[in-house]
Amino acid sequence: MCGRFVSTTPPAELASLLGVTDWDPTEALAPSWNVAPTDRVAAVLERVDADTGEVARQLRPLRWGLVPSWAKDRSGAARLINARSETVDQKPSFRRAFAVRRCVIPADGYYEWRQVPAADGRKAYKQPYFLSTGELMLMAGLYEFWRDADLPEDDPAAWLATATILTTDATDRAGRVHDRMPMLVPREELDGWLDPANTDRADLHDLLHRPADGNLKVRAVPTAVNRVSANGPDLLTDAPDPLGLSDG
366 MCGRFVSTTP
376 PAELASLLGV
386 TDWDPTEALA
396 PSWNVAPTDR
406 VAAVLERVDA
416 DTGEVARQLR
426 PLRWGLVPSW
436 AKDRSGAARL
446 INARSETVDQ
456 KPSFRRAFAV
466 RRCVIPADGY
476 YEWRQVPAAD
486 GRKAYKQPYF
496 LSTGELMLMA
506 GLYEFWRDAD
516 LPEDDPAAWL
526 ATATILTTDA
536 TDRAGRVHDR
546 MPMLVPREEL
556 DGWLDPANTD
566 RADLHDLLHR
576 PADGNLKVRA
586 VPTAVNRVSA
596 NGPDLLTDAP
606 DPLGLSDG
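This is the structure we're talking about:
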């Protein structure tokens with residue numbers, strides 16, 4: 366799975382790199398070294414402009430944890446932070462979004478954990494690892510809009526925009542830490558993935574790739590990242606690796 370990640374690329378740089386034509390600087394998110402479920406995340410997606418009828422590529426904040434449009438309430442969002450790419454076009458929570466509401470969520474890398482057994486009077490604990498390609502990662506995602514029926518339609522809080530990240534079986538280095546990993550969309554495949562008119566399931570699956578073909582760089586990082594309240598670049602400093610999973 367992908368349950369925490371790092372996102373520090375400035376919005377203006379993302380807009381330039383990814384061909385964004387529509388974004389509001391007042392909605393820009395601060396850099397985060399510990400993005401957690403239910404946080405707002407920066408996402409790139411394409412929507413039809415209501416005024417011109419043209420497709421606009423947007424950079425906008427979405428809440429991480431997808432709430433299907435048909436959900437009775439938003440309480441299940443924290444459970445839907447990931448969608449299995451192998452079955453995403455079949456599951457009721459995701460299949461409509463997979464067809465027409467796809468996005469990418471830029472990240473510097475993501476965290477996974479391994480349990481370290483108790484030993485020598487020390488309690489068992491979870492050791493975090495940071496996995497990255499060394500470049501900006503475009504994690505494949507889906508987004509959805511949910512309407513709160515208890516609020517007037519003109520209330521800004523009546524609509525909730527949420528997202529999930531697609532995952533697949535981990536291979537090579539990533540598999541040493543966790544058996545799942547996020548799917549990425551290569552920069553050259555971005556147009557096809559975001560295009561809302563592209564609804565061919567086989568074609569869409571072909572656009573998804575494992576990060577660095579599974580050859581991710583793995584580093585042990587401080588256990589401070591285990592606290593969702595912790596943040597800052599110090600979370601990415603090297604730490605002793607009690608399990609020997611880090612790359613040399």
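Per this note's numbering, residue 366 is the first one in the sequence shown, and the count goes up by one each step.
Here a beta-carbon is modelled for each residue, glycine too, at the ideal position from N, C-alpha and C.
Beta bridge pairing from DSSP links His-574 with Leu-549.
In the DSSP annotation of this structure, the continuous segment of the alpha helix (DSSP H) that includes Val-465 starts and ends at 460-465.
Every unbroken stretch of the alpha helix (DSSP H) spanning 4 or more residues and falling wholly within the segment 503-550 is given here in chain order: 537-540. Between Ala-528 and Leu-427, the C-beta gap is smaller than 7 Å, which places the two residues in contact.
The three-state secondary structure of Ser-381, taken from DSSP, is helix.
The beta carbon of Asn-596 sits closer than 7 Å to the beta carbons of Ser-397, Trp-398 and Asn-399 from its chain, once the five residues preceding and following it are set aside; these are given in chain order. Looking only at Met-502, Lys-582 and Phe-459, the smallest Cα-Cα distance to Pro-433 is reached by Phe-459. Note on geometry: alpha-carbon atoms of Thr-533 and Val-469 lie some 15 Å from one another. Close CB contacts of Ala-523 within its chain, under the 6 Å cut and outside five residues either way in sequence, are with Asp-513 and Leu-516 (chain order).
Within the same chain, Arg-460, Phe-463 and Arg-566 come within 7 Å of Asp-454 by CB-CB distance, once the 5 residues on both sides are set aside.
Residue range 555-559 is occupied by the alpha helix (DSSP H) that includes Trp-558.
Straight-line measurement puts the Cα of Asp-537 at about 30 Å from the Cα of Asp-404. The three-state reading of DSSP puts Glu-477 in strand, counting E and B together.
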